[in-house]
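J.:
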DNA sequence: GATATTTAGTCCACAACGTAGACTAATTGG
DNA sequence: CCAATTAGTCTACGTTGTGGACTAAATATC
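Protein chains in written order, with the UniProt record's numbering: chain A, 1 to 388; chain B, 1 to 388.
1) Quick check: the stretch 138-155 of chain B against the stretch 359-377 of chain B, are there 3 or more CB pairs under 8 angstroms?
2) With the cut-off set at 7 angstroms, would you say residue 131 of chain A and residue 88 of chain A are in Cβ contact?
3) Quick one: measure Cβ to Cβ for residue 271 of chain B and residue 308 of chain B, integer angstroms, because I've assumed they're closer than 8 angstroms.
4) State buried or exposed for residue 13 of chain A, treating a residue as buried only when at least 16 other CB atoms are found within 10 Å of its CB.
5) Answer with buried or exposed for residue 139 of chain A, where buried requires no fewer than 16 other C-beta atoms within 10 angstroms of its C-beta.
6) Does the contact criterion of 3 or more C-beta pairs under 8 angstroms hold for the stretch 186-201 of chain B versus the stretch 351-365 of chain B?
7) Tell whether a beta-carbon distance below 7 angstroms holds between residue 77 of chain A and residue 23 of chain A.
8) Under three-state DSSP, which class holds residue 259 of chain A?
9) Thinking C-beta only, is residue 190 of chain A closer than 7 angstroms to residue 156 of chain A?
10) What separation, rounded to the nearest whole angstrom, lies between the Cα atoms of residue 30 of chain B and residue 79 of chain B?
11) Counting only C-beta atoms, is residue 38 of chain B closer than 7 angstroms to chain A at any point?
12) Can you find the residues in the same chain that come closer than 8 angstroms, C-beta to C-beta, to residue 110 of chain B, ignoring five residues on each side of it along the sequence?
13) Tell whether a beta-carbon distance below 7 angstroms holds between residue 221 of chain B and residue 203 of chain B.
14) By DSSP, does residue 377 of chain B sit in helix, in strand, or in coil?
15) Ignoring anything shorter than 3 residues or poking outside the stretch 2-65 of chain A, list the beta strand (DSSP E) runs there in chain order.
16) Taking Cβ-Cβ distances below 9 angstroms as the criterion, which residues of the stretch 225-246 of chain B are in contact with chain A?
17) Can you check whether the CB of residue 86 of chain A is closer than 7 angstroms to the CB of residue 195 of chain A?
18) Tell me whether the beta-carbon of residue 192 of chain A lies closer than 7 angstroms to the beta-carbon of residue 371 of chain A.
19) Which value, in whole angstroms, describes the spacing of the CA atoms of residue 217 of chain B and residue 384 of chain B?
20) How would you call residue 121 of chain B, buried or exposed, if buried means at least 16 neighbouring beta carbons within 10 angstroms?
21) Here's a check: name, in chain order, each residue in its chain whose Cβ is nearer than 8 angstroms to the Cβ of residue 133 of chain A, leaving out the five neighbours to either side.
22) How long is the line joining the alpha carbons of residue 165 of chain A and residue 254 of chain A, rounded to whole angstroms?
23) Give me the Cβ distance between residue 175 of chain B and residue 161 of chain B, rounded to the nearest whole Å; I'm assuming they're in contact under 8 angstroms.
24) Just to confirm the assignment: which complete alpha helix (DSSP H) runs, minimum length 4, are found wholly within the stretch 272-357 of chain B?
25) Which residue wins for smallest C-alpha separation from residue 281 of chain B, given the options B:328, B:106, B:260, B:250?
26) Using alpha carbons as the reference points, say which of B:265, B:290, B:353, B:382 lies closest to residue 306 of chain B.
27) How many Å lie between residue 68 of chain B and residue 182 of chain B at the Cα?
28) Are the C-beta atoms of residue 275 of chain A and some chain B residue less than 7 angstroms apart?
29) In this structure, how does DSSP classify residue 156 of chain B when only helix, strand and coil are distinguished?
30) Counting only runs of 3+ residues fully inside the stretch 142-215 of chain B, write out the beta strand (DSSP E) ranges in chain order.
31) So for residue 270 of chain B, helix, strand or coil by DSSP?
32) Between residue 6 of chain A and the ligand SAH, is there a pair consisting of the residue's CB and a ligand heavy atom that are separated by less than 6 angstroms?
33) Buried or exposed: residue 247 of chain B, going by 16 or more other Cβ atoms within 10 Å of its Cβ?
34) So the alpha helix (DSSP H) residue 121 of chain B belongs to, where does it begin and stop?
35) Run the CB neighbour count on residue 359 of chain A, radius 10 Å, all protein chains shown included, and call it buried at 16 or more, exposed below.
36) Exposed or buried, what is residue 44 of chain B when buried is set at 16 or more other beta-carbons lying within 10 Å of its beta-carbon?
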């Protein structure tokens with residue numbers, strides 16, 4: 001597990017420590033860095049010199065006038081150098097994002113496509129084109145893309161990069177990672193997990209929360225102390241199949257009364273009473289117009305979500321619950337019911353019931369999280385990029 | 001979060017690395033240690049010398065004849081030196097265990113008392129007496145007790161050591177830690193969590209599992225990659241209040257249809273049909289005698305447990321499920337139903353459904369886990385014990 | 001406006017720790 | 001009895017962080 005610590009590992013960790021502080025606090029003088037890290041000024045100076053040389057950090061040049069004494073030179077993360085690629089395959093779109101080391105989004109590409117009717121290979125080929133052209137442009141702008149990550153709507157085997165089962169896409173056992181070769185280190189992860197990480201790094205959220213991704217399926221990403229909880233095999237967070245009512249409607253997972261059957265996109269739209277398929281935006285319009293069927297559908301979905309979340313809170317104890325995906329436009333009509341249900345089921349037991357808030361990131365959250373994850377790895381181990 | 005790494009931290013980590021390998025593999029020569037840790041023979045020799053001097057490790061004296069060449073001197077964890085105290089307060093007993101660094105149990109004290117009818121202060125005073133006499137005896141045997149931990153049946157605020165709410169005992173906001181002063185570092189934790197850790201260190205179990213503690217309440221401890229998952233505030237694992245049926249019988253937590261209402265000890269005993277209170281052993285006798293009411297009660301409890309566990313598996317993805325507490329004697333009569341329910345609700349979705357096994361540790365599990373946790377800390381950071 | 005004070009950052013001698021390889025010790029195989 | 005082999009120690013050395021002296025650049029005070 002833990003490896004032997006030699007001098008190089010010591011340096012690598014201190015380098016990461018300094019870079020992390022710079023990343024977290026925005027902009028600091030060497031003296032301030034020495035203070036917050038507990039290292040001496042000498043050591044910080046050496047480490048910062050290395051980081052500047054590698055292009056991870058830059059001096060702002062501007063000196064800061066504080067109280068008295070010689071002003072320091074602040075350093076900050078250098079955005080113009082290293083960047084990462086974030087990719088997302090979803091039911092009705094493909095998204096590509098390029099994010100730099102300072103976590104600024106440098107490039108956005110979204111393409112609306114119906115991926116349900118296409119073959120996995122074709123979908124991936126299309127994404128590949130989109131990604132390569134984005135990489136070209138980014139490289140043209142002087143960025144160095146060090147890696148990428150791909151978000152897919154369903155459980156993924158992290159090791160092999162095989163998408164187990166993405167029911168919304170109709171995918172089963174698709175080896176995405178080997179099909180999508182971009183000539184750079186890549187990995188694949190569940191969309192809900194990456195959207196949760198996006199909330200962590202790009203939202204103004206807390207460091208402990210449960211992100212609920214409402215799409216056709218309902219997934220969740222749990223972030224504890226700023227890092228993702230994946231469970232033993234990486235398949236944690238399947239909130240959509242938490243039991244709401246044990247004898248409820250049968251679910252495609254084989255169970256009955258799963259949350260997805262009450263609050264999944266299909267269930268929501270179906271229960272508006274309109275025959276055939278009604279789009280999400282139509283649903284939003286109707287509920288805004290106080291259409292009784294739509295309002296009832298929202299209330300029931302909110303209740304079911306509250307029930308499932310009460311189980312979840314009891315099991316994993318999140319600090320906050322962030323609703324994303326389809327629940328974002330519907331939040332005004334379900335948020336209160338979710339909170340009430342949670343309150344009535346947990347209020348007596350818990351000192352405080354986790355607040356239910358809405359995500360402020362759009363649908364592209366997962367792609368952002370994907371890129372962010374790669375950036376996070378660089379910040380966690382900058383030594384990997386140093387010239388040996 | 002991560003601290004600056006100086007020379008002393010480097011040494012501390014390597015010391016821990018060596019000690020961990022010795023602890024995990026039983027007995028190793030310095031040469032073998034050099035191989036498994038990746039450190040050089042020189043460094044390992046120095047580290048082992050320090051560990052021997054501190055009394056954490058000892059040479060077996062016996063040399064091992066392998067194949068050819070000079071035989072090595074094996075070292076192993078020294079059991080005769082450092083030990084830890086494990087304490088447990090439960091509804092009907094107090095337990096004290098002394099465990100040494102090699103994880104051998106050196107002393108067992110259990111006292112049957114009805115703690116429900118006593119005041120918290122009195123219970124703690126009684127436990128204190130029991131603990132002090134155990135410490136005396138252990139010290140008399142040459143052991144050095146470096147700390148202790150206490151298991152209580154209910155959620156605990158780890159920081160302050162206040163037991164929030166232990167409904168089985170009728171406790172609310174009891175500052176256990178400050179009441180129980182034993183003149184050594186102590187901490188308090190949830191009984192289910194510590195029982196789970198006992199399973200990890202004293203059972204022959206895997207490193208990823210969910211331990212289910214069936215008592216009057218039902219708790220769970222989740223162990224992922226050999227360490228405990230506590231959630232954001234340390235209140236994770238409240239399996240007893242996971243929803244089985246949203247409109248089921250009201251629960252003391254304020255919700256309805258919680259697992260505890262179907263599979264908690266009270267529910268199990270109540271539903272045997274016998275009026276009044278029937279002891280657990282009576283229940284076991286009846287179900288062994290195929291008493292219809294008892295058999296039905298077990299089946300229903302097993303079903304409810306299966307439903308709640310299917311939600312749990314979807315959320316936290318454990319590798320294995322270990323049933324403990326009252327479920328141990330009842331396992332032959334509920335195990336199959338739990339497995340079937342899980343299988344039917346998860347089988348289509350998951351490649352493999354986590355096996356449901358029974359704990360082989362007795363009721364004293366939590367006390368063992370408490371002591372084990374202290375031992376684990378010593379092994380994880382032996383440098384804390386070195387003479388500065 | 002000159003000087004004292006304060007803070008930032010660098011320089012240098014030093015200490016702590018792990019490494020590499022020579023060296024000694026102890027065993028087996030021929 | 002000697003060669004081969006493996007365990008463990010010893011010594012010179014390299015890497016890295018430290019502490020304090022030193023230089024640099026600002027403000028406060030008179």
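Think of the CB as a built atom: it goes at the ideal place given N, C-alpha and C, for glycine as much as any other residue.
T.: In terms of the structure at hand:
1) Yes: the two stretches touch, three or more of their Cβ pairs being nearer than 8 angstroms.
2) No, the pair does not count as a contact, with Cβ atoms beyond the cut-off.
3) About 17 angstroms; that fails the 8 angstroms criterion.
4) That one is buried.
5) Exposed.
6) Yes, the stretch 186-201 of chain B is in contact with the stretch 351-365 of chain B.
7) For residue 77 of chain A and residue 23 of chain A, yes; Cβs fall inside 7 angstroms.
8) Three-state result, residue 259 of chain A: coil.
9) Yes.
10) Looking at the two C-alpha atoms, the distance is approximately 19 angstroms.
11) Residue contact check for residue 38 of chain B against chain A: a CB pair falls below 7 angstroms.
12) 93, 94, 95, 96, 364.
13) Taking 7 angstroms as the cut-off, the Cβ atoms of residue 221 of chain B and residue 203 of chain B do not count as close.
14) Assignment of residue 377 of chain B by DSSP, reduced to helix, strand and coil, places it in the helix class.
15) Taken in chain order, the complete beta strand (DSSP E) segments of 3 residues or longer contained in the stretch 2-65 of chain A are 27-29, 57-63.
16) The residues in question are 225, 226, 229, 230, 231, 232, 233, 234, 235, 236, 237, 238, 239, 240, 241, 242, 243, 244, 245, 246.
17) Between residue 195 of chain A and residue 86 of chain A, the C-beta spacing is not below 7 angstroms.
18) It is not a contact, given that the beta carbons lie outside the stated cut-off.
19) In a straight line, the C-alpha of residue 217 of chain B is about 37 angstroms away from that of residue 384 of chain B.
20) Per the 10 Å Cβ criterion, exposed.
21) Within the same chain, residue 133 of chain A has close Cβ partners 109.
22) Their Cα atoms are separated by approximately 14 angstroms.
23) With 8 angstroms as the limit, residue 175 of chain B and residue 161 of chain B qualify as a contact, their Cβ atoms being about 7 angstroms apart.
24) For the stretch 272-357 of chain B, whole alpha helix (DSSP H) runs of length 4 or above, ordered along the chain, are 280-288, 292-316, 327-346.
25) Per the Cα distances, B:328.
26) The shortest C-alpha separation from residue 306 of chain B is found at B:353.
27) Straight through space, the alpha carbons of residue 182 of chain B and residue 68 of chain B are spaced by roughly 52 angstroms.
28) At residue 275 of chain A, the pLDDT of 45 sits below 50, so the modelled position is not reliable; the number obtained from the coordinates is stated separately. So no, residue 275 of chain A is outside the interface.
29) Taken through DSSP and simplified to helix, strand or coil, residue 156 of chain B comes out as strand.
30) Listed in chain order, they are 144-152, 162-166, 171-174, 186-190, 209-214.
31) If DSSP states are grouped into helix, strand and coil, residue 270 of chain B belongs with the helices.
32) What this structure holds is no ligand at all, so the ligand SAH is not there to describe.
33) With fewer than 16 Cβ atoms within 10 Å of its Cβ, residue 247 of chain B is classed as exposed.
34) Under the DSSP assignment, residue 121 of chain B falls in the alpha helix (DSSP H) whose first and last residues are 120-140.
35) Residue 359 of chain A comes out buried.
36) Result: buried.
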